[in-house]
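Note that the UniProt record's numbering numbers the sequence shown so that position 20 is 20, with each residue one more than the last. Don't be surprised by glycine CBs; every beta carbon is placed ideally from N, CA and C. These numbers were taken from a predicted model, which means no experiment stands behind them.
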Amino acid sequence: MFRKVKKRHSSSSSQSSEISTKSKSVDSSLGGLSRSSTVASLDTDSTKSSGHSAASETCAEFRVKYVGAIEKLPFEMSKTLQEPLELINYIDAAQQDGKLPFVPGEEEMVLGVSKYGVKVAFMDQCDVLHRHPLYLIMRMLCYDDGLGAGKNLLALKTTDAKQQDCSIWVYQCSSAEQAQAICKVLSASFDCVLTSEKS
1 MFRKVKKRHS SSSSQSSEIS TKSKSVDSSL GGLSRSSTVA SLDTDSTKSS GHSAASETCA
61 EFRVKYVGAI EKLPFEMSKT LQEPLELINY IDAAQQDGKL PFVPGEEEMV LGVSKYGVKV
121 AFMDQCDVLH RHPLYLIMRM LCYDDGLGAG KNLLALKTTD AKQQDCSIWV YQCSSAEQAQ
181 AICKVLSASF DCVLTSEKS
């Protein structure tokens, strides 16, 4: 199900954009994020509507590095981490407190996105590191890591099936274009599921 490979996106899109899964629209500019040269955000709680059509089966793979995770936070915390800047600041504070590393491990992973969710596996794809079902993903956010090397972090906020806690998973992308491409593919996956539910 993760065999079809999509090459890295290399378009010169706007410096910052917000992608909303149910709105199916891309809004340029998220003002006030001074340290982040690129921000893309996917919010599954959006209630806007638009008319972009999605492919019937979205599937793409990207090479990323795993930074770390903050798991099993109280679910109430997810309500205080709604906005992109709030989530970025929380991750920054966690890195400064030693709860998350600043630099990922050396090993590259394959991050696959489909209409079923996100799967992160080792390069041989025999062993899966993480699975994030689509219905448990609350937000996906990508932004410049602020370390000056042109790397972008991809933060994935998820909940459990009973919505008793939430977790933040952080991956490093090789470029802003790659991070934005992941958000766009995931947005298309949500569009695909929403379209099939309506029909």
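Span of the beta strand (DSSP E), counted from its first residue to its last, around residue i
| i | result |
| --- | --- |
| L129 | 128-133 |
| K119 | 117-122 |
| L153 | 152-159 |
| Q172 | 165-173 |
| L147 | That residue, L147, is in no beta strand (DSSP E); it is neither H nor E in DSSP. |
| E108 | 108-114 |
Proximity to residue i [Cα-Cα], best of the options
| i | options | result |
| --- | --- | --- |
| N152 | C126, E107, Q82, I88 | I88 |
| Q164 | G117, L73, T80 | L73 |
| T80 | K115, A60, V128, M138 | M138 |
| E95 | G117, F75, V67 | At residue 95 the sequence reads Gln, which differs from the Glu that was named. That would be V67, whose Cα lies nearest to the Cα of Q95. |
| I70 | Q178, A161, L156 | L156 |
| S189 | D144, Y135, V128, A93 | Y135 |
| D127 | L154, L111, P133, K115 | L111 |
| V118 | K99, T158, P133 | P133 |
| V64 | G98, D160, M109 | M109 |
Continuous alpha helix (DSSP H) stretch holding residue i: start and end
| i | result |
| --- | --- |
| residue 200 | This structure cannot settle anything about residue 200, because the visible part of the chain is limited to 1 through 199. |
| K79 | 75-80 |
Residue i burial status per 10 Å Cβ neighbour count (16 or more: buried)
| i | result |
| --- | --- |
| V185 | buried |
| E106 | exposed |
| V103 | exposed |
| Y171 | buried |
| A176 | buried |
| K162 | exposed |
| K115 | buried |
Neighbourhood of residue i by C-beta distance below 7 Å, restricted to the same chain and skipping five residues each side
| i | result |
| --- | --- |
| Y90 | L81 |
| H130 | V120, W169 |
| Q125 | V110 |
Proximal residues to residue i (C-beta, below 8 Å), its chain only, five neighbours per side dropped
| i | result |
| --- | --- |
| M77 | C166 |
| P101 | V67, G68, Q95 |
Cutoff 8 Å: residue i Cβ touching any chain C Cβ
| i | result |
| --- | --- |
| R131 | Absent from the structure: chain C. Only one protein chain is present. |
Neighbourhood of residue i by C-beta distance below 6 Å, restricted to the same chain and skipping five residues each side
| i | result |
| --- | --- |
| S174 | none |
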